[in-house]
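**Student:** Structure incoming, see below.
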Amino acid sequence: LTIECSYPEAQQAGYFAITDPGSGSNLFVPIPKRKKDFNLQLGRKLAAAILDVPERESWKQCVVPEDKEADERDRFIAAFASHDFTR
Numbered sequence: 019l020t021i022e023c024s025y026p027e028a029q030q031a032g033y034f035a036i037t038d039p040g041s042g043s044n045l046f047v048p049i050p051k052r053k054k055d056f057n058l059q060l061g062r063k064l065a066a067a068i069l070d071v072p073e074r075e076s077w078k079q080c081v082v083p084e085d086k087e088a089d090e091r092d093r094f095i096a097a098f099a100s101h102d103f104t105r
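Position one of the sequence shown corresponds to residue 19 (this note's numbering), numbered consecutively onward.
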């Protein structure tokens with residue numbers, strides 16, 4: 019599942035795109051320029067629904083203590099160190 023969002027700036031329209039790698043189908047949702055009522059949390063809501071973790075729909079439910087966040091960061095960096103071209 020790939021989720022991509024391009025929020026409109028100034029006079030440009032944006033889009034929200036979802037690709038299902040299993041079926042190869044794509045869904046594009048246009049974001050009209052300067053549209054204030056588009057829910058920018060749509061990606062999180064869709065991912066939470068698809069992954070069946072409704073408690074993760076709100077980013078506020080995903081906040082972890084700083085020490086746990088630092089630990090997760092360090093484990094992520096270690097896991098992908100061989101792919102880091104900046105080091």
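Glycine included, every Cβ here is placed at the ideal spot set by N, Cα and C.
On the three-state DSSP scale, how would you describe Ala35?
**Tutor:** Stepping through the sequence shown from its first residue, residue 35 is reached at position 17. Ala35 falls in the strand class under three-state DSSP.
**Student:** Please report how far the alpha carbon of Asp102 lies from the alpha carbon of Leu45, in whole angstroms.
**Tutor:** Numbered from 1 along the sequence shown, position 84 holds the residue referred to as residue 102. Numbered from 1 along the sequence shown, position 27 holds the residue referred to as residue 45. If I take the Cα positions, the gap works out to 31 Å.
**Student:** With a threshold of 16 other CB atoms inside 10 Å of the CB of Ile95, please say whether the residue is buried or exposed.
**Tutor:** Residue 95 sits at position 77 when you count from the first residue of the sequence shown. Exposed.
**Student:** Quick one: what does DSSP say Pro48 is sitting in, helix, strand or coil?
**Tutor:** Along the sequence shown, one-based indexing puts residue 48 at 30. Residue state, collapsed to three classes: strand.
**Student:** Going by other Cβ atoms of all chains shown within 10 Å of its Cβ, with 16 needed for buried, is Ile68 buried or exposed?
**Tutor:** Position 50 of the sequence shown, counting from 1, holds the residue named residue 68. Looking at its Cβ environment, which holds fewer than 16 other Cβ atoms inside 10 Å, Ile68 is exposed.
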